[in-house]
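J.: Next up is a structure, given as structure tokens.
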Amino acid sequence: MILPKFEFHEPTSISDACELMARHRGEARLLAGGTDLLVNMKKKVLNPKRLVSLGRIPELTQVERSNGTLWIGAGATVSAIAASAMVARDASALGLGARALGTPLIRNLATIGGNIGSARPAADLPPALIVYGAVLVLRSVAGERRLPIGEFFKGPGLTAAHEDELIAAVVIQVPAGYAGAGYLNLGVRKAQDCNIVNVASYLELDGRAEVIRAARVALGSVGPTPLRSPSAEAVLIGQKPTEALFDLAADAAQRDCMPILDFRGSAEYRRDMVGVLARRTLTMALAEARSRN
Ligand SMILES: Cc1cc2nc3c(=O)[nH]c(=O)nc-3n(C[C@H](O)[C@H](O)[C@H](O)COP(=O)(O)OP(=O)(O)OC[C@H]3O[C@@H](n4cnc5c(N)ncnc54)[C@H](O)[C@@H]3O)c2cc1C
15 MILPKFEFHE PTSISDACEL MARHRGEARL LAGGTDLLVN MKKKVLNPKR LVSLGRIPEL
75 TQVERSNGTL WIGAGATVSA IAASAMVARD ASALGLGARA LGTPLIRNLA TIGGNIGSAR
135 PAADLPPALI VYGAVLVLRS VAGERRLPIG EFFKGPGLTA AHEDELIAAV VIQVPAGYAG
195 AGYLNLGVRK AQDCNIVNVA SYLELDGRAE VIRAARVALG SVGPTPLRSP SAEAVLIGQK
255 PTEALFDLAA DAAQRDCMPI LDFRGSAEYR RDMVGVLARR TLTMALAEAR SRN
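Just so you know, we're using my numbering here: the sequence shown kicks off at 15 and counts up by one.
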């Protein structure tokens, strides 16, 4: 399979990239690592006339922490996120998602912006980003706007970004106090495969009484977009964290998913695995929250 013909642009700043996307609105597509886009172009699923590469924009690759906020440039590679001590400490579930994604070769090219921009329901990074309440910094010639990641996904391959807009960064308010998170994914194989189910959970405890103050559970691969589980969250909030409570939350998460059947697994299997992964990621989140005590 060979790539179709296209014009190639290599801006060196975010504003130049925005300028190009506005000038060629409707016929240009952003290219980051290319691990999703170039595959789709080879398969003739997509045929953009122009590619605007983000690979020569240093400001897109910054990963830094300031004033309690983790700023991850959209061009940060999945390898960089997987290896970051800052991410491991402040957003451990995101680090786990990064380490679960693809293979070393894919992780070296793939970016966080591309993982979000591709809007695949089974993508590895969105569930953790959702439970951390991450906000996307979107840039265009019109300026900057910020959008909670939960409002970004509109369907498989569909997003709330305007045609000329790019994700410049992902911002996470670093959880303070007794908070923890977990992420797990399940595929037919350990790597190089699409997830059957992937789940992230987040818990924030009231330090003294060990009551759950905030809870977020996000389910991947079991709907047209990554989903929050409001029923599981409602079961958890205000309660003491126990195994029995996590069983109830896992049952509730199963009710909130809308799994499809395909060659990787039946809808029933996926629903069962949502329960298993929800319970396990809640246990991981609790262990991390308690370790901050
Ligand atoms: C063999 C193989 C294994 C894979 N395994 C996994 C896996 O285990 N888990 C997983 O989640 N994914 C997997 N993928 C899919 C892919 O690697 C990831 O989604 C990756 O993160 C995409 O990032 P990228 O930088 O390569 O994006 P690209 O391919 O460059 O772009 C993907 C899409 O996002 C858009 N985009 C890119 N950057 C931005 C931006 N800054 N703002 C707005 N839109 C943008 C592009 O226009 C395009 O539509 C795999 C792919 C392959 C080929």
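Glycine included, C-beta positions come from ideal geometry on N, C-alpha and C. Just so it is clear, the structure is predicted and the values come from calculations on it, not from any experiment.
What separation, rounded to the nearest whole angstrom, lies between the Cα atoms of residue 279 and residue 233?
T.: Answer to the nearest angstrom: the Cα atoms are 16 Å apart.
J.: Judging by CA-CA distance, which residue of 114, 103, 82 is the nearest neighbour of residue 93?
T.: When only C-alpha atoms are compared, the closest one is 114.
J.: Find out if the Cβ-Cβ distance for the pair residue 163, residue 126 is shorter than 8 Å.
T.: Against a cut-off of 8 Å, the Cβ pair of residue 126 and residue 163 comes out as no contact.
J.: Anyone know if the C-beta pair for residue 49 and residue 124 falls short of 8 Å?
T.: Closer than 8 Å, so yes.
J.: Quick one: residues in its chain with C-beta nearer than 8 Å to the C-beta of residue 237, no 5 flanking neighbours on either side, listed in chain order?
T.: Excluding residues within five positions, the ones whose Cβ falls inside 8 Å are 135, 271, 272, 273.
J.: In three-state terms, what does DSSP make of residue 29?
T.: DSSP places residue 29 in helix when its eight states are reduced to three.
J.: With C-beta atoms as the reference, is residue 22 less than 8 Å away from residue 67?
T.: Result yes, Cβ atoms of residue 22 and residue 67 sit closer than 8 Å.
J.: Assuming residue 194 and residue 302 make a contact with CB atoms under 8 Å, what is their CB distance in whole Å?
T.: Indeed, because the Cβ distance is near 3 Å, the residues count as touching under 8 Å.
J.: Looking only at its own chain, which residues have a Cβ that is under 6 Å from the Cβ of residue 267, when we skip the five neighbours before and after it?
T.: The answer, listed in chain order, is 231, 243, 246, 288, 292.
J.: Does at least one heavy atom of ligand 1 sit under 7 Å from the Cβ of residue 131?
T.: Because some heavy atom of ligand 1 lies under 7 Å away, the Cβ of residue 131 counts as near it: yes.
J.: For residue 227, which three-state DSSP category applies?
T.: Residue state, collapsed to three classes: strand.
J.: Check whether the Cβ of residue 290 sits closer than 7 Å to any heavy atom of ligand 1, and report yes or no.
T.: Incorrect: residue 290 has no Cβ contact closer than 7 Å to ligand 1.
J.: Just to check, is the beta-carbon of residue 138 closer than 7 Å to a non-hydrogen atom of ligand 1?
T.: Yes, the beta carbon of residue 138 sits closer than 7 Å to at least one heavy atom of ligand 1.
J.: Could you give the DSSP three-state label for residue 283: helix, strand or coil?
T.: In this structure, residue 283 counts as helix in the three-state DSSP scheme.
J.: Measure how close the beta-carbons of residue 240 and residue 167 come, nearest whole angstrom, since I'm counting them as under 8 Å.
T.: About 6 Å separates the two Cβ atoms, so the contact holds.
J.: For residue 224 versus residue 254, is the C-beta spacing smaller than 8 Å?
T.: Yes, these two residues count as a Cβ contact at 8 Å.
J.: On the premise that residue 122 lies in contact with residue 75, defined as a C-beta separation below 8 Å, what is that separation, rounded to the nearest angstrom?
T.: Not a contact, Cβ separation roughly 13 Å.
J.: Quick check: the Cα distance between residue 300 and residue 88, rounded to an integer number of angstroms?
T.: When rounded, the distance between both Cα atoms is 29 Å.
J.: To the nearest whole angstrom, what separates the beta carbons of residue 154 and residue 36, a pair I think is in contact under 8 Å?
T.: Correct: roughly 7 Å between the Cβ atoms.
J.: So, for residue 71: in the same chain, excluding its five sequence neighbours on each side, which residues have a beta-carbon less than 7 Å away from its beta-carbon?
T.: Around residue 71: 25, 26, 27, 28, 31, 89.
J.: Between residue 361 and residue 108, is the Cβ-Cβ spacing less than 8 Å?
T.: No statement about residue 361 is possible, as the shown extent of the chain runs from 15 to 307 and does not include it.
J.: So within the segment 59-116, which uninterrupted alpha helix (DSSP H) runs reach at least 4 residues, ignoring any that extend past its ends?
T.: List check, alpha helix (DSSP H) in window: 92-97, 99-104, 106-114.
J.: Under the three-state reduction of DSSP, which class applies to residue 196: helix, strand or coil?
T.: Residue state, collapsed to three classes: strand.
J.: If distances are taken between C-alpha atoms only, which option among 251, 191, 46 comes closest to residue 296?
T.: The candidate whose alpha carbon is nearest that of residue 296 is 251.
J.: With a threshold of 6 Å on Cβ separation, who are the neighbours of residue 146 within its own chain once the five nearest residues in sequence on each side are excluded?
T.: The residues are 105, 186.
J.: Just to check my reading of the structure: residue 139 and residue 149 have Cβ atoms closer than 8 Å, yes? What is that Cβ distance to the nearest angstrom?
T.: Rounded, the Cβ-Cβ distance is 14 Å, inconsistent with contact.
J.: Taking the beta strand (DSSP E) that residue 184 falls in, what are its first and last residues?
T.: Residues 180-187.
J.: Is any non-hydrogen atom of ligand 1 found closer than 7 Å to the C-beta of residue 95, if you look at the structure I gave you?
T.: No, since every heavy atom of ligand 1 falls outside the 7 Å radius drawn around the Cβ of residue 95.
J.: Is it true that the CB of residue 133 sits closer than 8 Å to the CB of residue 170?
T.: Yes.
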